[in-house]
Amino acid sequence: MDSKWTAPGSALIVIDVQNDFCPGGALAVPQGDTIISAVNRLIAMADLVVLTQDWHPRGHGSFASSHAGHQPFETIDVAYGPQTLWPDHCVQGTSGAAFHASLNAIPAALVVRKGMRSAVDSYSAFFENDRRTSTGLDGWLRSRGVERVLLCGLAYDFCVAYSALDAARLGFATAVVEDACAAIDLDGSRVAQQKAMRAAGVSLLSA
Ligand code: VGL
Ligand code: ZN
């Protein structure tokens, strides 16, 4: 990996390394916990670290349980477009929403919580799924002088990919460390999002 990704002007954004996305959790990503040692090595090398935390209120609109007659992993249409329905996960204050105990969260300068409004899901660290409501991360990074973002975490084909595509669109040089990510892979979403990231100019790296 080129040293520019760990130099001043670069930030590492660690996406959603939370218990519910790891084996035993409510929305377990296969092998979700096996990436954590690689994530911790990236954290140790980074100049600036941001963590994201999926942080839903009970009864959140992305939960299948909030939609009578629908099952997890179905897609429905909502005000801002298609929305995949998920098992209840990362409910604010629960152990499932906590960072995995193996994640070295100590060096993080900022924790961005997302998905906090019941009516709007939020995969990206930058914008909610309505694609308009900002989390404020763009401005925070710019005021810290960040020009390059390196991403890793869970899940590769949802929150990591959405965040990387937004970062590239916002004008950051953007890279994803693929072997520090794990995918849900719903209906081919892993390869589809990998293609989309490549097409957007996101560098796909190995640790
Ligand atoms: C995520 C689905 C629902 C993710 C979050 O972190 O990729 N996926 N909420
Ligand atoms: Zn979520």
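The sequence shown: position 147 = 151 (my numbering), numbered continuously. All C-beta atoms, glycine included, are put in the ideal place defined by N, C-alpha and C. As the structure is a prediction and not an experimental result, all values here were calculated from the model.
Give the straight-line distance between the Cα atoms of Thr178 and Pro76, rounded to the nearest whole angstrom. Looking up residue 178 in the sequence shown gives position 174. Looking up residue 76 in the sequence shown gives position 72. The alpha-carbon atoms of Thr178 and Pro76 are separated by roughly 31 Å.
Bounding residues of the alpha helix (DSSP H) (the contiguous stretch that carries Asp145): Numbered from 1 along the sequence shown, position 141 holds the residue referred to as residue 145. Correcting the residue identity first, residue 145 is Leu in this sequence and not Asp. Taken as a continuous stretch (DSSP letters only), the alpha helix (DSSP H) holding Leu145 covers Leu141 to Ser147.
Hey, quick one: how far does the beta strand (DSSP E) through Ala200 stretch, first residue to last? By one-based count along the sequence shown, residue 200 stands at place 196. Segment Ser193 to Ala203 is the alpha helix (DSSP H) holding Ala200; no beta strand (DSSP E) there.
Mind checking who Leu208 pairs with in its DSSP beta bridge? In the sequence shown, the residue the question calls residue 208 occupies position 204. According to DSSP, which records beta bridges pairwise, Leu208 is partnered with Val180.
Confirm, please, whether the CB-CB distance from Ala83 to Phe130 is below 8 Å. Translated into the one-based positions of the sequence shown, residue 130 becomes position 126. Translated into the one-based positions of the sequence shown, residue 83 becomes position 79. No. Outside cutoff.
Terminal residues of the continuous beta strand (DSSP E) containing Val124? For the purposes of this step, residue 124 is taken as residue 120 along the sequence shown, with counting starting at 1. Segment: none, Val124 is in no beta strand (DSSP E) and carries neither H nor E.
Between Ser66 and the ligand VGL, is there a pair consisting of the residue's CB and a ligand heavy atom that are separated by less than 7 Å? Here residue 66 corresponds to residue number 62 of the sequence shown, with the count starting at 1. Yes - the ligand VGL has a heavy atom lying nearer than 7 Å to the Cβ of Ser66.
Evaluate the contact criterion for the segment 51 to 58 versus the segment 15 to 22: three or more CB pairs, one atom per stretch, below 8 Å. Counting Cβ pairs under 8 Å, three or more are found: they touch.
Which of helix, strand or coil DSSP assigns to Asp6: Residue mapping note: residue 6 aligns to position 2 of the sequence shown, counting from 1. Of the three classes helix, strand and coil, the one that applies to Asp6 here is coil, per DSSP.
Using alpha carbons as the reference points, say which of Val164, Asp6, Cys26 and Leu190 lies closest to Leu107. For the purposes of this step, residue 107 is taken as residue 103 along the sequence shown, with counting starting at 1. Considering only alpha carbons, the answer is Cys26.
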